[in-house]
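Protein chains in written order, with my numbering: chain A, 186 to 629; chain B, 7 to 347.
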C-alpha cells in the first residue's frame with residue numbers, strides 16, 4: 186500500500202509538472218495573439234497579421250501538449266486516487282466537471298475554428314474566435330484552481346455518509362484561496378508568455394531579422410510581462426497572508442520558522458536543520474518582517490514548526506528552498522521586465538546586444554519559477570491531501586498493485602520525455618525560422 | 007424522478023454523444039492507411055476532421071467529469087479497476103492529438119510515417135478499448151466487497167472483445183461515411199464503397215451482439231419487465247438498415263446521420279438494460295454500484311443539473327455552428343494550402 190501511495194505521488198507529481206510546462210505559456214500567449222489579431226483587424230496593418238500568425242503557430246505547438254497532458258490529470262484522480270475520489274468526489278468532482286463543460290469545450294471548439302477558419306470567417310469573427318479561446322483557457326484555469334483551492338482550504342462541506350458532501354456551492358466558488366491561486370497562476374502565465382516573446386524577439390533582433398515586427402512584439406511583451414509581474418507580486422503577498430492563516434504549517438516551512446513568536450522577524454538567509462529543530466544559521470534579520478508578511482501586522486503571532494506535531498509538518502527543506510528561490514527569481518524577472526520596457530521605450534533595443542542575449546537565455550526562467558511555486562503550494566500541503574481533512578496516505582486506490590503503478594510511471598516518463606524533446610525541437614525550429622511572408626492579397 | 011435518475015440519463019447521453027461524435031473521427035483515423043493512398047488523400051482525411059476532433063474529444067472528458075461529480079464511487083472504481091486499459095486509452099489519445107498537430111510540421115518522410123502510426127493506433131485503441139470496457143460493464147465486473155478480482159486480461163473475454171469489435175465496426179462505417187461526405191471524386195467514391203462493405207461486418211456484429219447479450223449479461227431483464235423499451239434496440243436496427251439504404255442510393259448525408267443514430271441507439275440499448283446499475287458486479291449483486299448507492303448528494307446533483315441545463319445546450323449550439331461553418335466539401339487544393347501555415 187505504501188508503495189502504491191509513493192509511486193502514485195511520484196507519478197502525479199511528474200505528470201502535473203510536465204503538464205505545467207505547457208499551461209503557463211498557453212494561458213499568456215493566447216492573449217498576445219488575440220491582441221495582435223485585433224490590432225490587425227483595427228488597423229489593417231499586415232505586420233500585425235504576420236505577428237498573430239507567427240506567435241499563433243508557436244502557441245498551437247505548445248497548446249496541443251497542454252491539452253493532451255491535461256487529460257492525464259483528470260484520469261489519475263480515479264485511476265490512482267480512488268479513495269480520494271470516493272471521499273471527496275461529491276464536492277471536488279463538481280469544479281472538474283464544470284471545467285470540462287463550461288471551459289474546455291469552449292477552448293477546444295473555438296481553437297479548431299481559429300486554425301481552419303481563416304478563409305471561412307470575417308476578420309472580426311476570426312479575431313473573436315481566438316479571443317474566446319483566451320477566455321476559455323482562463324476559465325479552465327479558474328475551475329481547476331478552485332478545485333485545488335478546495336484541497337488547500339476545504340470549505341462548504343459536511344462529513345456525512347462517510348464522505349465529504351457539498352453543502353454550500355457558493356463557498357466553493359468564492360473560496361478566496363482558489364481565486365488567489367488562479368490570479369497568481371494566470372498572471373504568472375502572462376509573465377511566461379512575455380518572457381517567451383521577448384526572448385524569441387531578442388534572438389531575431391540580434392540577427393537584424395524582421396526588425397520592425399520583432400521590435401513591436403518585444404515592446405508589447407515587455408509591457409505585458411511588467412504589468413503582470415507587478416500583479417504577481419501583489420497576489421503573492423495576499424497568498425502569503427492566506428497561507429499564514431489557513432495553513433500555518435506550510436507558512437512555517439516556507440520560512441523555516443521553528444519558534445512560535447509575536448513580532449517575528451524576517452530572516453533573509455537561513456538554513457533549516459530538521460534534526461535539531463532549529464536553523465543551522467540565520468543571517469540578516471528584518472525586525473517584525475515575518476509577522477508583517479504573514480498577517481500585515483508587525484506584532485502578530487507566527488506559529489512555529491515546533492508547535493506543529495512532526496506528523497503534520499510538510500517536508501521542510503524543499504518547501505523552504507523552493508519558496509526562497511521563487512521569490513528571488515521572481516523579483517529578478519520583474520527587474521529585467523522593467524529594464525526591457527525601458528530599453529524598448531527609449532528605442533535602444535537593437536543597440537543593446539548584451540541585454541538581448543540575456544533575454545534569450547531567460548526564456549526558461551519563468552518555467553522554473555512556476556514549478557518552484559507549485560512545489561511550495563503542493564508539497565507544502567503535505568502530509569494532507571485535503572488540508573486538515575484527509576491524509577495523502579489515505580487517498581490512493583486500494584485495488585492497485587505497486588507493479589501496475591511502476592509500469593505506468595515508467596511509461597509516462599518515457600513517453601513524456603520523448604514528447605518534451607519533440608516539443609522543444611519544434612518550438613526552436615519555428616521560433617528560429619521566423620514569420621512567413623504574406624502572399625499578395627494578404628490573408629495567407 | 008429524482009436527480010440521481012436524471013443524472014443516470016445524462017451520464018448515458020454524454021457517453022452516447024461522445025461515441026457518436028468522436029466515432030467518426032476515430033473511424034476516419036482507422037481508415038486513414040486504407041483510404042489514404044496518396045499524400046493528398048491523406049491530407050484530405052486529416053483535414054476533414056481537423057477542425058472538429060478536439061471539440062469531439064471533450065465529450066469524453068465531460069463524460070468522465072460528470073461521472074466524477076455525479077457518481078464519485080463509480081468514477082473511482084471504474085478508473086482504478088480498469089487501470090491498465092484506461093492507461094492505454096490515455097496514451098492513445100495523447101499520441102493521436104499530438105500526431106494530428108505535429109504531422110505537418112516537418113517534411114522528412116520518416117517524420118510523417120511516425121506520426122501517421124500515432125494517428126492510426128491512437129484512433130484504433132480508444133475505439134476498441136472503450137468498446138471492451140463497456141462490454142465488460144454490461145457483463146458485470148468481477149468485484150465484491152473485498153474489491154476487484156481481475157486484470158487487463160480478464161477484460162479480454164469473448165463478450166468484451168465482441169463489444170470492442172462492434173464499436174470498431176460501427177466507428178469504421180461512421181468514419182467512412184464522414185470521409186465520403188467531406189471529400190469529392192475518387193476518395194469519396196472509395197470511402198462510400200468501403201462503408202458499404204464494412205457495413206456488412208457491422209450488421210453481422212450487431213446481430214450477434216443482440217443474440218448473445220441476453221445470455222452473456224443481465225441486460226435483458228429490464229426489457230422483460232418493461233417490454234416497450236424494446237423500441238430502442240428496434241430503432242437501432244432500423245437506423246442500421248437505413249444507413250445502408252441511404253448509402254446504397256448515394257444519399258451520403260442521410261446515411262451519416264443514420265449511422266450516428268445507430269451508434270447512439272446501440273449505446274442506449276446497453277444503458278437501458280444496465281439501469282439502475284452503472285457498474286454491476288458479476289460476483290455479488292449487493293456490490294454493484296447503482297444510481298442509488300453511488301450517486302452524489304441531492305444538493306450536488308441539483309447544482310450539477312443547473313450547470314448542465316445552462317452549458318450543455320450552449321455547447322451544442324456553438325458546436326453545431328462550427329460544423330455549419332465547415333459544412334462544405336474540402337478540395338484537394340484546400341487541404342494542401344488552406345491550413346494555418
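All C-beta atoms in this analysis are idealised placements derived from N, C-alpha and C, irrespective of residue type, glycine included.
Bounding residues of the alpha helix (DSSP H) (the contiguous stretch that carries residue i)
{"i": "residue 227 of chain A", "result": "187 to 228"}
{"i": "residue 138 of chain B", "result": "115 to 145"}
{"i": "residue 62 of chain B", "result": "59 to 76"}
{"i": "residue 232 of chain B", "result": "Premise fails: residue 232 of chain B is in no alpha helix (DSSP H) and is neither H nor E."}
{"i": "residue 55 of chain B", "result": "45 to 55"}
{"i": "residue 247 of chain A", "result": "231 to 264"}
{"i": "residue 588 of chain A", "result": "587 to 618"}
{"i": "residue 310 of chain B", "result": "304 to 331"}
{"i": "residue 93 of chain B", "result": "89 to 108"}
{"i": "residue 192 of chain B", "result": "191 to 222"}
{"i": "residue 566 of chain A", "result": "Neither: residue 566 of chain A is in no alpha helix (DSSP H) and is coded neither H nor E."}
{"i": "residue 268 of chain A", "result": "267 to 283"}
{"i": "residue 39 of chain B", "result": "9 to 41"}
{"i": "residue 541 of chain A", "result": "538 to 546"}
{"i": "residue 356 of chain A", "result": "354 to 358"}
Per-residue burial, residue i [other beta carbons within 10 Å of its own, 16 or more giving buried]
{"i": "residue 511 of chain A", "result": "buried"}
{"i": "residue 188 of chain B", "result": "buried"}
{"i": "residue 160 of chain B", "result": "exposed"}
{"i": "residue 339 of chain B", "result": "exposed"}
{"i": "residue 285 of chain A", "result": "buried"}
{"i": "residue 586 of chain A", "result": "exposed"}
{"i": "residue 335 of chain B", "result": "exposed"}
{"i": "residue 91 of chain B", "result": "buried"}
{"i": "residue 551 of chain A", "result": "buried"}
{"i": "residue 8 of chain B", "result": "exposed"}
{"i": "residue 266 of chain A", "result": "buried"}
{"i": "residue 221 of chain B", "result": "exposed"}
{"i": "residue 482 of chain A", "result": "exposed"}
{"i": "residue 31 of chain B", "result": "buried"}
{"i": "residue 616 of chain A", "result": "buried"}
{"i": "residue 335 of chain A", "result": "buried"}
{"i": "residue 599 of chain A", "result": "exposed"}
{"i": "residue 190 of chain A", "result": "buried"}
{"i": "residue 206 of chain A", "result": "buried"}
{"i": "residue 21 of chain B", "result": "buried"}
Residue span of the beta strand (DSSP E) that contains residue i, given as start and end
{"i": "residue 351 of chain A", "result": "348 to 351"}
{"i": "residue 306 of chain A", "result": "Looking at the DSSP string, residue 306 of chain A is not in any beta strand (DSSP E), and its letter there is neither H nor E."}
{"i": "residue 345 of chain A", "result": "342 to 345"}
{"i": "residue 569 of chain A", "result": "569 to 571"}
Expected contact under 8 Å - CB spacing of residue i and residue j to nearest Å
{"i": "residue 71 of chain B", "j": "residue 327 of chain A", "result": "Not quite, the Cβ-Cβ distance comes to about 15 Å (not below 8 Å), so this is no contact."}
{"i": "residue 129 of chain A", "j": "residue 450 of chain A", "result": "Since the first and last residues shown for chain A are 186 and 629, residue 129 of chain A lies out of range."}
{"i": "residue 54 of chain B", "j": "residue 269 of chain B", "result": "Not really, about 18 Å apart at Cβ, beyond 8 Å."}
{"i": "residue 466 of chain A", "j": "residue 429 of chain A", "result": "That belief does not hold up - the Cβ atoms of residue 466 of chain A and residue 429 of chain A are roughly 24 Å apart, past 8 Å."}
{"i": "residue 424 of chain A", "j": "residue 469 of chain A", "result": "Wrong, their Cβ atoms sit about 24 Å apart, outside the cutoff."}
{"i": "residue 325 of chain A", "j": "residue 288 of chain A", "result": "4 Å"}
{"i": "residue 375 of chain A", "j": "residue 558 of chain A", "result": "Actually they are not in contact, since the Cβ atoms of residue 375 of chain A and residue 558 of chain A sit about 14 Å apart, beyond 8 Å."}
{"i": "residue 499 of chain A", "j": "residue 438 of chain A", "result": "5 Å"}
Which residue spans inside the region 441 to 518 of chain A form an unbroken beta strand (DSSP E) run of at least 3? 451 to 458, 463 to 471
Within 7 Å of chain A by C-beta, residues of the region 140 to 155 of chain B in sequence order: For the region 140 to 155 of chain B, which is checked against every Cβ of chain A, the residues closer than 7 Å are 153, 154.
Below 9 Å between beta carbons is the criterion; list the residues of the region 205 to 217 of chain A that meet it against any residue of chain B, in chain order. For the region 205 to 217 of chain A, which is checked against every Cβ of chain B, not one residue is closer than 9 Å.
Residues in the region 271 to 288 of chain A with C-beta within 9 Å of chain B's C-beta atoms, listed in sequence order? Those residues of the region 271 to 288 of chain A that come within reach of chain B (Cβ to Cβ, closer than 9 Å) are 271, 272, 273, 274, 275, 276, 277, 278, 279, 280, 281, 282, 283, 284, 285, 286, 287.
Name, going along the chain, the residues of the region 562 to 590 of chain A whose beta-carbon falls closer than 8 Å to a beta-carbon of chain B. 582, 583, 584, 585, 589
The region 243 to 261 of chain A: positions lying closer than 9 Å to chain B by Cβ: 245, 246, 248, 249, 250, 252, 253, 254, 255, 256, 257, 259, 260, 261
Going residue by residue through the region 242 to 290 of chain B, where are the continuous beta strand (DSSP E) segments of at least 3 residues, counting only ones entirely within it? 283 to 285
In chain order, what are the residue ranges of uninterrupted beta strand (DSSP E) at least 3 long that sit wholly in the region 367 to 445 of chain A? none
Interface residues of the region 297 to 311 of chain A facing chain B [CB-CB below 8 Å]: The residues in question are 297, 298, 300, 301, 302, 303, 304, 305, 306.
Select from the region 102 to 132 of chain B all residues with a C-beta closer than 9 Å to any C-beta belonging to chain A, and list them in chain order. Those residues of the region 102 to 132 of chain B that come within reach of chain A (Cβ to Cβ, closer than 9 Å) are 102, 103, 104, 106, 107, 108, 111, 112.
Mind pulling the alpha helix (DSSP H) runs of 4 or more residues that sit fully within the region 141 to 188 of chain B? Complete alpha helix (DSSP H) runs here, min 4: 158 to 161, 164 to 188.
For the region 342 to 358 of chain A, list every residue whose C-beta sits within 7 Å of some C-beta in chain B, in sequence order. 350, 351, 352, 354
What residues in the region 440 to 455 of chain A have a beta carbon less than 7 Å from any beta carbon of chain B? none
Between the region 313 to 328 of chain A and chain B, which residues of the former have CB atoms less than 7 Å from a CB of the latter, in chain order? Answer in chain order: no residues at all.
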